[in-house]
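Q: Once you've had a glance at the structure underneath, I'll fire off some questions.
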């Protein structure tokens, strides 16, 4: 089984790239954010520690963590973001390693893992290759405004909290440019995959 890590900054189009992978046979796609959300549910392994760290103000009436409130806290404060990552990311990595073992046993051909902090969390030791999904900043900003309704200030804050384009390019095995037409991105993905599998 080949393991490909997908990373890139917010708004670069990772979700669309993942949908391309999901259409492939014998391929399983996992998203670290979805795993993190699962592990933050009441009773799950990260819940109590997050509430203890950030307080009950992050909770909805039903006791679940309000991700919008938590996000507004951590994306405007690098120290708080780092603390949240210290709580959640090691547990996400353990969960991913369990999933890899299960998928390998099930005969899966390709395991794709998407995570914004793939590099920071040491996934290069797990992945055969790490691919950086790139899009020009003005395109990322336009996507985030259109799809999520984010303000310029929020987008700037989020971009500043993430690795730079050069840092991603230097650390990753391949760069997929998702700035242009989707068919061009698909062609890059197909060529890259053929060289790995």
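Numbering (the numbering used here), first residue to last: 4 to 200.
Glycine included, every Cβ here is placed at the ideal spot set by N, Cα and C.
Check whether the Cβ atoms of residue 48 and residue 181 sit closer than 8 Å, and answer yes or no.
A: No, these two residues do not count as a Cβ contact at 8 Å.
Q: Can you tell me whether DSSP reads residue 9 as helix, strand or coil?
A: It is a strand residue.
Q: What residue ranges within the segment 104-182 form continuous beta strand (DSSP E) runs of no fewer than 3 residues, ordered along the chain?
A: Complete beta strand (DSSP E) runs here, min 3: 113-117, 132-137 and 177-180.
Q: Can you have a look at residue 17 and say buried or exposed, based on whether 16 or more other CB atoms are within 10 angstroms of its CB?
A: The residue in question, residue 17, is buried, as its Cβ has 16 or more Cβ neighbours within 10 Å.
Q: In this structure, does DSSP put residue 3 in helix, strand or coil?
A: In this structure the chain extends from 4 to 200, so residue 3 is not present and cannot be described.
Q: Please go through the same chain and pick out, in chain order, the residues whose beta-carbon is closer than 8 Å to the beta-carbon of residue 160, but skip the five residues on each side of it.
A: Cβ within range, chain order: 78 and 79.
Q: Check this for me: beta carbons of residue 45 and residue 66, under 8 Å apart or not?
A: Contact: yes.
Q: Would a C-beta distance cut-off of 8 Å place residue 132 and residue 60 closer than the cut-off?
A: Going by C-beta atoms, residue 132 is not nearer than 8 Å to residue 60.
Q: Report yes if the C-beta distance between residue 171 and residue 6 is below 8 Å; otherwise report no.
A: Not closer than 8 Å, so no.
Q: Can you give the beta carbon distance from residue 10 to residue 175, rounded, assuming they're within the 8 Å contact cut?
A: About 7 Å; that satisfies the 8 Å criterion.
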